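Protein chains: 2
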Amino acid sequence: MILTVTLNTALDITYRVRALRPHASHRVSEVTERPGGKGLNVARVLAALGHEVTVTGFTGGATGRVVREQLSALPGVVDALVPVTGATRRTIAVVDEATGDTTQLNEPGPTVTPAEWSAFQEAYEDLLASASAVALCGSLPPGVPVGAYAGLVRAAKAAGVPVLLDTSGEALRRGVAARPDLIKPNADELAELTGSHEPLRATQDARRRGARAVVASLGTEGLLAATPEGRWRATPPTRLHGNPTGAGDSAVAGLLSGLVERLPWPDRLARAAALSAASVLAPVAGEFDRGAYEELLGRVAVTGEVTAA
Amino acid sequence: MILTVTLNTALDITYRVRALRPHASHRVSEVTERPGGKGLNVARVLAALGHEVTVTGFTGGATGRVVREQLSALPGVVDALVPVTGATRRTIAVVDEATGDTTQLNEPGPTVTPAEWSAFQEAYEDLLASASAVALCGSLPPGVPVGAYAGLVRAAKAAGVPVLLDTSGEALRRGVAARPDLIKPNADELAELTGSHEPLRATQDARRRGARAVVASLGTEGLLAATPEGRWRATPPTRLHGNPTGAGDSAVAGLLSGLVERLPWPDRLARAAALSAASVLAPVAGEFDRGAYEELLGRVAVTGEVTAA
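Right under this line is the structure:
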């Protein structure tokens, strides 16, 4: 199975309001709730691609119960979340019907105790034993040490499990130093990591910092990959309009599934770029438009060069 | 015991953010959760005044479980909420730390089925048997007929239980026609009911429409009462600055407690006005500053005239 880790799981709530005005009172016309956090989105896409996926991370409180109830209804996804005393955070996306724009309110997440963090690390090492690959995704909840991902990367490597890291800021900087097999930063995360706003230079620099391979997601410009086997750029044929939330998570799912299926890099990148573009057409993160994905897959342009042996 | 009815209970969530900007992403720095809905706030104030209170209405889902857990920790409040399949609504107050202003997002509430509405009516009639007074508070959730309060008013009168109605719009209009003992509209609700923005005229008009007594809450100007026994105005000594949410619910608690203690109208009004003002000093609805309440109680000016016998 593929293992995805979401230390800061969420209950993603979407509200529709006629028009959001600060300091006014609003009647919410529509409420939707779903399990959230990058690793859960990645798991949903992997399961839709036919992979067996196990999700771990933390969950707690009334919000955590809702997340688990909803996860239990997803075929192909096994819940191995570790309980904590604090409550799983909510994220609230307020969609303004007048403009279509979204205002986001993100709770910080539960404070994880040292004992809970230790319990997670044990559970994680047990799960690695049957994992073909692992993705470490998203922000750290309060209480989890900032070097957490570095430790989880090292444990995966010690277990011989390929590890992808998708986070940001100091957690990414420290995690990269532990030499993950792959990172998937977006343009901002890559610039923050390397200090360079020039993607070609920055992906190379991120490799020097410890990442074996770097696939940067550059929005509508597609993906830019720097790997030991070569460098490539994967560009979808058209700019799609829709909801970009979760496009990066779909790219992670594409890269991971390509890795465990041992696809050549150009095929992995084409799949990741097509999934990412097709998820822009889906209303929520963790889903993609299957028709668009299949149609786009053959039309993603992958250009690049193989490294001389 | 005193019975309070909250058909559309809520989980009131307060978020603090640095500054709310539409279409931006916000990190919530502080999250608080508490049971909400007007009747639950009234119950908390009544319990703090030493009365035995039973709360009923609807509750459901994960949010309803949190409401019930928190209610069970309140001394003096008995939970007689009726379960529904839908989920208790959330209300989200986003406090902008830069300005102190609040932006409110209110979910609509669960859709109540006809069978659930029937179950509630039976439970309500059973509870009336041991009630000394009943307050019907707040908005109606989807599925409950707009004439609901009229039926609940008639049932209370048939049981010989004094009934206070605190709602708005068409639910208030229909409820008033069923001749409740007391209504407590604010200025806007009173104007919507009567078409008059002149409070003296409007309170008299609301009596003609069916309310035996009318106590209008006029914000910092205090309370205006039109009753069969006379007319009064109760004015707090100073304008207090703070959070006006829940001030009307505290006034309802003051009026109800004065009713069951058979206080003369001027004393009931002084209590209601002092509680209302003292709740402005408390950070959340359903609470009041006890020191301020006791100090204000003797300083509320009650002026008016008794109706000639």
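Line by line, the protein sequences are chains D and G.
Here the UniProt record's numbering is used: position 233 in the first sequence is 233, and no number is missing along the way.
Here the UniProt record's numbering is used: position 128 in the second sequence is 128, and no number is missing along the way.
Here a beta-carbon is modelled for each residue, glycine too, at the ideal position from N, C-alpha and C.
Source: prediction; values computed, not measured.
| Query | Result |
| --- | --- |
| Close-in-space but distant-in-sequence residues of the same chain around residue 310 (chain G) (CB under 6 Å, 5 per side omitted) | The structure shown has nothing for residue 310 (chain G), since chain G only spans 1 to 309. |
| Given 8 Å, three or more beta-carbon pairs between the segment 90-106 of chain D and the segment 9-20 of chain D | yes |
| CB contact flag (V66 (chain G), E33 (chain G), <8 Å) | yes |
| Segment contact, 8 Å Cβ cut-off, at least three pairs: the segment 23-42 of chain G with the segment 112-122 of chain G | no |
| 7 Å CB neighbourhood of A155 (chain D) in its chain, flanking five on each side removed | Y124, E125, L128 |
| Terminal residues of the alpha helix (DSSP H) in which S279 (chain D) lies | 265-280 |
| L74 (chain G) in three-state terms, based on DSSP | coil |
| Minimum Cβ-Cβ distance from R16 (chain D) to chain G less than 8 Å | no |
| Cross-chain neighbours of L20 (chain D) in chain G, by beta carbon under 7 Å | P22 |
| Buried/exposed call for A73 (chain D), threshold 16 Cβ in 10 Å | exposed |
| Counted within 10 angstroms of its Cβ, other Cβ atoms place A24 (chain D) as buried (16 or more) or exposed | exposed |
| Delimiting residues of the alpha helix (DSSP H) encompassing F120 (chain G) | 114-128 |
| Min CB distance T103 (chain D) to chain G below 8 Å | yes |
| Simplified DSSP state of R16 (chain G), which is helix, strand or coil | strand |
| Chain-order list of residues whose beta-carbon lies under 7 Å from that of L46 (chain G) (same chain, five-residue window excluded) | I2, V53, A253, L256, S257 |
| Sequence-distant residues of the same chain with beta carbon closer than 7 Å to L297 (chain D), five excluded per side | A270, R271, A274 |
| Neighbour-count burial assignment, E189 (chain D), 16 or more Cβ in a 10 Å radius | buried |
| Selected residue, minimal CA-CA separation from Y293 (chain D), among D:V280, D:G248, D:K184 | D:V280 |
| Given 8 Å, three or more beta-carbon pairs between the segment 149-165 of chain G and the segment 189-198 of chain G | no |
| Whether G143 (chain G) touches V112 (chain G) by CB criterion (8 Å) | yes |
| Selected residue, minimal CA-CA separation from A223 (chain G), among G:P141, G:G100, G:R21, G:V300 | Going by the sequence as given, residue 223 (chain G) is Leu instead of Ala. For the residues G:P141, G:G100, G:R21, G:V300, the minimum Cα distance to L223 (chain G) belongs to G:V300. |
| Three-state secondary structure (DSSP) of V84 (chain D) | coil |
| N- and C-terminal bounds of the beta strand (DSSP E) containing residue 343 (chain G) | Residue 343 (chain G) cannot be examined here, being either before or after the span of chain G that is shown, 1 to 309. |
| Buried or exposed by the 16-neighbour rule on C-beta atoms within 10 Å, applied to D101 (chain G) | exposed |
| Residues that V28 (chain G) bridges to, as DSSP identifies them | For V28 (chain G), which the question treats as bridged, DSSP gives no partner whatsoever. |
| Test: H26 (chain D) CB closer than 8 Å to a CB of chain G | yes |
| E305 (chain G) - partner residues in DSSP beta bridges | G:R231 |
| N- and C-terminal bounds of the beta strand (DSSP E) containing L3 (chain D) | 2-6 |
| Per DSSP, cross-strand counterpart(s) of A171 (chain D) | In the DSSP output, where bridge partners are listed per residue, A171 (chain D) has none listed. |
| Anticipated Cβ contact below 8 Å, T303 (chain D) with E229 (chain D), distance rounded | Rounded, the Cβ-Cβ distance is 15 Å, inconsistent with contact. |
| Selection from D:V284, D:V176, D:F288 that minimises the alpha carbon distance to V95 (chain D) | D:V284 |
| Neighbour list for E107 (chain G) in chain D, Cβ cutoff strictly below 8 Å | Y15, V28, V31 |
| CB contact below 8 Å: D96 (chain D) versus chain G | yes |
| Host alpha helix (DSSP H) of N41 (chain G) (start-end) | 38-48 |
| Interface flag, R34 (chain D) vs chain G, CB-CB below 8 Å | no |
| Buried or exposed by the 16-neighbour rule on C-beta atoms within 10 Å, applied to P185 (chain G) | buried |
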